[in-house]
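Below: one structure, written as structure tokens.
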Amino acid sequence: MFGPTIEMIREGKKIKIKDLCDGIVTRAAYHRFASGQTDTSIHNLSLFMDRLHISPNEFFLIHSDYASDKVVCFLKELSRAYRVQDIQELRSLRKKLEADFTGLKNEHMTDLLNFRICRLLGQDIDGKKSSLFKYLISTEFWTHYELVLFTNSMYVFSLELIDAILIRCIQRFNKYSQTRPYGNEGFRLVVNALILAFEQKDSFYTTKWIDLLNTIQLNDSDFFEKALFKIFKGFYDITIHKDQNSISEVIKTIEFVGHIEAREHEVMFNRMLDFILEHSGLEKVHSLKT
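End of the sequence shown sits at 981 in the working numbering; the numbers just go up one at a time, nothing left out.
Below you can see the structure in the form of structure tokens.
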């Protein structure tokens, strides 16, 4: 029942019942709704939100008593444990997963966890047999949930299939940008694809996706994405053009990432730079730190 939450917000904003209900429902109907005795239509609920000057996302966050989305929380913990290569922390997430998810969502989160553990241990991943892979391939209409699943499981897809899906994903992420204004998810999706192209030493997709990354418009506030672009453009120039000068530029940008205390990303980028240099035949220059 959403009525008590609407009423709590109305009282907190000191909006008169008449001003909230006029032209939507009668006062008697509103009182029954506000007390939780009856429900209302989605249309009426959206009109109430508009008159309360509150977005649907904010309303449902208040309605859930500001509880964080369980999928978002789980994926943050999963990504962090993977970045720092903490295999024990990854395994400990299995209990959290079992407690927080049921049904198909439990299968999807289990697959993501197993993928990360296998990847960290260097074990082969037969993702095509997973529930998650079959779900994404068979689902034609992707919402934000499917986009996030794909972003976090991209390495079980072939580069050819990733390439076929990328543009559609970027377009869908752009449509969700108003509801999730922090961070450019489409940009970071392409970065994840580039990581795989570098790891597989595929110059065709490395070149294609760095060009794609360059077409994504960034705002002035997207400073982290701009740092990512400098790093990955440098990786590209080192890999494809054997450009020695790009090494110092990459190191300087990675040190900036460390300076803003994104330590886990700093470690990950340094690890990736070492990998790229190892396969490029170039030597790492000394740190620019003084």
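Glycine included, every Cβ here is placed at the ideal spot set by N, Cα and C.
Note that the structure is predicted; figures quoted are calculated from it, not measured.
Inset, instruction - Quick one: residues in its chain with C-beta nearer than 7 Å to the C-beta of Leu840, no 5 flanking neighbours on either side, listed in chain order? - result: Contacts found: His799, Leu823 and Leu827.
Inset, instruction - Compute the beta-carbon to beta-carbon distance between Ile856 and Val881, rounded to the nearest angstrom, for a pair I have assumed lies under 8 Å. - result: Not really, about 11 Å apart at Cβ, beyond 8 Å.
Inset, instruction - Figure out for me which residue from Val948, Val958 and Leu968 has the closest Cα to the Cα of His932. - result: Checked all of Val948, Val958 and Leu968; the closest Cα to His932 is Leu968.
Legend entry - CB of Ile929 within 8 Å of CB of Ser937, strictly: Contact flag set, yes.
Legend entry - Collapsed DSSP secondary structure at Asn905 in the structure displayed: Collapsing the DSSP output to three states places Asn905 in a helix.
Legend entry - Anticipated Cβ contact below 8 Å, Phe792 with Lys767, distance rounded: The beta carbons of Phe792 and Lys767 sit about 15 Å from each other, so the pair does not count as a contact at 8 Å.
Legend entry - Cβ pair Lys924, Ile901 closer than 8 Å: Against a cut-off of 8 Å, the Cβ pair of Ile901 and Lys924 comes out as a contact.
Inset, instruction - Give a yes or no on contact between the stretch 799-816 and the stretch 772-785, applying the rule of three or more CB pairs nearer than 8 Å. - result: Yes: at least three Cβ pairs fall under 8 Å.
Legend entry - Assigned secondary structure, Lys707 (DSSP; H/G/I helix, E/B strand, else coil): Lys707 falls in the coil class under three-state DSSP.
Inset, instruction - Excluding the 5 residues preceding and the 5 following Gly694 in the sequence, name in chain order all residues of the same chain whose CB lies nearer than 6 Å to its CB. - result: For Gly694, same chain residues with a beta-carbon under 6 Å away, outside a window of 5 residues either side, are Phe724, Ala725 and Gly727 in chain order.
Legend entry - Pairwise C-alpha distance: Ile697 and Met959: For Met959 and Ile697, the distance between alpha carbons rounds to 45 Å.
Legend entry - Nearest-angstrom beta carbon gap, Arg771 and Glu955 [assumed within contact, 8 Å]: 7 Å between Cβ atoms; contact.
Legend entry - Segments of 4+ residues assigned as alpha helix (DSSP H) that fall wholly inside the stretch 692-748: You should have 694-704, 708-712, 718-725 and 733-742.
Legend entry - Straight-line gap, Asp730 to Met699 (C-alpha atoms, nearest Å): Asp730 and Met699: Cα-Cα distance of roughly 16 Å.
Legend entry - Ile951 classed as buried or exposed, judged by whether at least 16 other C-beta atoms fall within 10 angstroms: The residue in question, Ile951, is exposed, as its Cβ has fewer than 16 Cβ neighbours within 10 Å.
Inset, instruction - Grab the span of the alpha helix (DSSP H) containing Gly794 for me, first residue to last. - result: In the DSSP annotation of this structure, the continuous segment of the alpha helix (DSSP H) that includes Gly794 starts and ends at Gly794 to Leu812.
Legend entry - Boundaries of the alpha helix (DSSP H) in which Glu969 is found, first to last residue: DSSP places Glu969 in the uninterrupted alpha helix (DSSP H) bounded by Arg954 to Glu969.
Legend entry - Backbone CA spacing between Asn875 and Gln862 [nearest angstrom]: Those two C-alpha atoms are separated by around 12 Å.
Legend entry - Check whether Thr842 and Asn905 have beta carbons under 8 Å apart: No, they are not a contact pair.
Inset, instruction - Please report the residue range of the alpha helix (DSSP H) in which Ala884 lies. - result: DSSP places Ala884 in the uninterrupted alpha helix (DSSP H) bounded by Glu876 to Glu890.
Inset, instruction - Pick helix, strand or coil for Ala918, following the three-state DSSP scheme. - result: Of the three classes helix, strand and coil, the one that applies to Ala918 here is helix, per DSSP.
Inset, instruction - Report the residue from Met692, Gly949 and Gln935 whose alpha carbon sits nearest the alpha carbon of Phe915. - result: Phe915 has its Cα closest to that of Gly949, out of Met692, Gly949 and Gln935.
Inset, instruction - State buried or exposed for Arg701, treating a residue as buried only when at least 16 other CB atoms are found within 10 Å of its CB. - result: Residue burial annotation: Arg701 is buried, with at least 16 other C-beta atoms found within 10 angstroms of its C-beta.
Legend entry - Asp802, buried or exposed, once every other Cβ within 10 Å from all chains shown has been counted against 16: Classification for Asp802: buried.
Inset, instruction - Look up Leu781 in the DSSP assignment and say whether it is helix, strand or coil. - result: If DSSP states are grouped into helix, strand and coil, Leu781 belongs with the helices.
Legend entry - CB-CB length for Leu784 against Leu769, believed under 8 Å: For Leu784 against Leu769, the beta-carbon gap comes to about 6 Å, under 8 Å, which counts as contact.
Inset, instruction - For Thr930, name the three-state secondary structure that DSSP assigns. - result: Annotated three-state conformation of Thr930 is helix, per DSSP.
Legend entry - Gln862, DSSP secondary structure in three states: Annotated three-state conformation of Gln862 is helix, per DSSP.
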